[in-house]
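As numbered in the numbering used here, the sequence shown has no gaps in its residue numbers, which increase by one up to the final residue, 405.
A virtual CB, placed ideally from N, CA and C, is assigned to each residue, including glycine.
The structure displayed is predicted, hence computed values, not measured ones.
Have a look at the structure below, then the notes.
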Amino acid sequence: MDLKSGYPFWAIRNGLMHAFPRLGEDLRCEVAVIGGGISGALIADELAAHGHEVVVIEQRDIGWGSTAASTALLQYEIDTHLADLCRQYGEDQAALAYRACADAIPALQAVARGLRAVDFQRCASLYFASKPGHVPVLRNEAELRRKHGLRLRWLDQRQLASDYGLQAPGAILSACAAAVDPYRFTLRLLARLQRRGIGVFDRTRIERLHATSRSVELRTGEGLRVRADHAVIAAGYAGQHWLKQRLARNRSSYAFATDPLEAEQLGRLGKTLVWESARPYLYLRGTGDGRLVVGGCDDAVDVPARRDRRVESRAAKLVDKVGRRFPGLRLQPAFAWAGTFAETADGLPWFGAHPQYGKRVQFAMAYGGNGITYSMIGAGLLRAAIERRPHPLARLFSFERAA
Numbered sequence: 003m004d005l006k007s008g009y010p011f012w013a014i015r016n017g018l019m020h021a022f023p024r025l026g027e028d029l030r031c032e033v034a035v036i037g038g039g040i041s042g043a044l045i046a047d048e049l050a051a052h053g054h055e056v057v058v059i060e061q062r063d064i065g066w067g068s069t070a071a072s073t074a075l076l077q078y079e080i081d082t083h084l085a086d087l088c089r090q091y092g093e094d095q096a097a098l099a100y101r102a103c104a105d106a107i108p109a110l111q112a113v114a115r116g117l118r119a120v121d122f123q124r125c126a127s128l129y130f131a132s133k134p135g136h137v138p139v140l141r142n143e144a145e146l147r148r149k150h151g152l153r154l155r156w157l158d159q160r161q162l163a164s165d166y167g168l169q170a171p172g173a174i175l176s177a178c179a180a181a182v183d184p185y186r187f188t189l190r191l192l193a194r195l196q197r198r199g200i201g202v203f204d205r206t207r208i209e210r211l212h213a214t215s216r217s218v219e220l221r222t223g224e225g226l227r228v229r230a231d232h233a234v235i236a237a238g239y240a241g242q243h244w245l246k247q248r249l250a251r252n253r254s255s256y257a258f259a260t261d262p263l264e265a266e267q268l269g270r271l272g273k274t275l276v277w278e279s280a281r282p283y284l285y286l287r288g289t290g291d292g293r294l295v296v297g298g299c300d301d302a303v304d305v306p307a308r309r310d311r312r313v314e315s316r317a318a319k320l321v322d323k324v325g326r327r328f329p330g331l332r333l334q335p336a337f338a339w340a341g342t343f344a345e346t347a348d349g350l351p352w353f354g355a356h357p358q359y360g361k362r363v364q365f366a367m368a369y370g371g372n373g374i375t376y377s378m379i380g381a382g383l384l385r386a387a388i389e390r391r392p393h394p395l396a397r398l399f400s401f402e403r404a405a
């Protein structure tokens, strides 16, 4: 599956940091994780930390799929408003999802703290109204979030202009957000697991999967067999190929990174994730070395050849959008890229077993704008499923809600 176009900043900045071997022989393990991106890394780390015998298998180089193209905004905020989720699933379940995402930010920070130089930084999140008509909706959303213990405040048009140089009628400013280098995070995490004796293999494609009530057998393209008690399919957007049921819609999303900016030019944007209420939305985040990463201008349909052709023109369009919102910013893309992005109808992920394969095969589909946050939650959720323990989000994040 062709997942990215152009020159993703993380891949160029880091190169191939660590070499992992191909699978060269048949294996037996407790849990086989299919997918060596950031989701697979977090899930493997969670399982291994609690005594499970894990093997990770990736068809590309480790971290070289969607992870390398991710812009890695770590948010508690779900693409679907809390108010809308309340109407769909009830206030208790909707609030639980939002609070779990908030709890995932410090959990990700704890993982990053044990790794070396992954450019993890805590940030604020500024969610601004794209037009005056969106202000009442966002004000209502802010009050509902406050009711459920989420820390935030409302900024008016004047405050946005003075504090951020942003032209917008109002915004929710939340304290709970972060940013990371997703490629470096993934490589460092899986290299650490490898040093601890966990098998991590790349350039190994799983072609077939056969599950019974007792075990799972995987077959590679070279005919090698991996026998496991459980399998976790954490193959990112390519994970949909394993299911007959259509569960998400693929889009193309575009991004660019600037060269490092002067501190006075960057201002508070260096420590704030910024995004808007329009859909698709414009967003910005900083990096540890003073760059801005800007994204948006999504295509409704993900067509790789068209995506390849549009990288430069969409980067120019993003520059124009930023200039209109932030008149004091004159940005120049240093690296521009695009990638496949999948979203579900309700903005929630899919974690758990699917009826097509039974209880021995777990799926990790962390789709949506805060996929890395979802993956942190999903790591614990899937461990609970494998250990046959309840999890408070198991039903809401399961395939049952698609029935």
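Asked	Found
Reduced DSSP secondary structure (H/G/I, E/B, other) of G37	coil
Reference P184; option with closest CA among G17, E93, L157, H54	G17
C-alpha gap between S164 and E266, whole angstroms	14 Å
Close beta carbons around R160, own chain, < 6 Å, minus the five adjacent residues each side	none
Per-residue DSSP class, three states only, for T289	coil
V295 in three-state terms, based on DSSP	strand
Which listed residue (P394, A85, R308) has its alpha carbon closest to that of D300	R308
C-beta neighbour in chain D for V35, strict 8 Å	Absent from the structure: chain D. Only one protein chain is present.
Exposed unless 16 or more other CB atoms sit within 10 angstroms - verdict on T389	A quick correction: the sequence has Glu, not Thr, at residue 389. Per the 10 Å Cβ criterion, exposed.
Anticipated Cβ contact below 8 Å, L189 with G65, distance rounded	5 Å
Buried or exposed (CB count within 10 angstroms, at least 16 for buried), D204	buried
N- and C-terminal bounds of the beta strand (DSSP E) containing V305	Taken as a continuous stretch (DSSP letters only), V305 belongs to no beta strand (DSSP E), as it is neither H nor E.
Inter-residue Cα distance where the pair is A233 and I107	26 Å
Unbroken stretches of the alpha helix (DSSP H), 4 residues or longer, contained in the region 159-223	159-166, 184-197
Simplified DSSP assignment, three categories, for T274	strand
CA-to-CA distance, V137 to R155, given in whole angstroms	14 Å
The region 94-114 contacting the region 56-73, beta-carbon criterion three pairs below 8 Å	no
Closest residue to S255 among G354, I235, L320 (Cα-Cα distance)	L320
Per-residue DSSP class, three states only, for V57	strand
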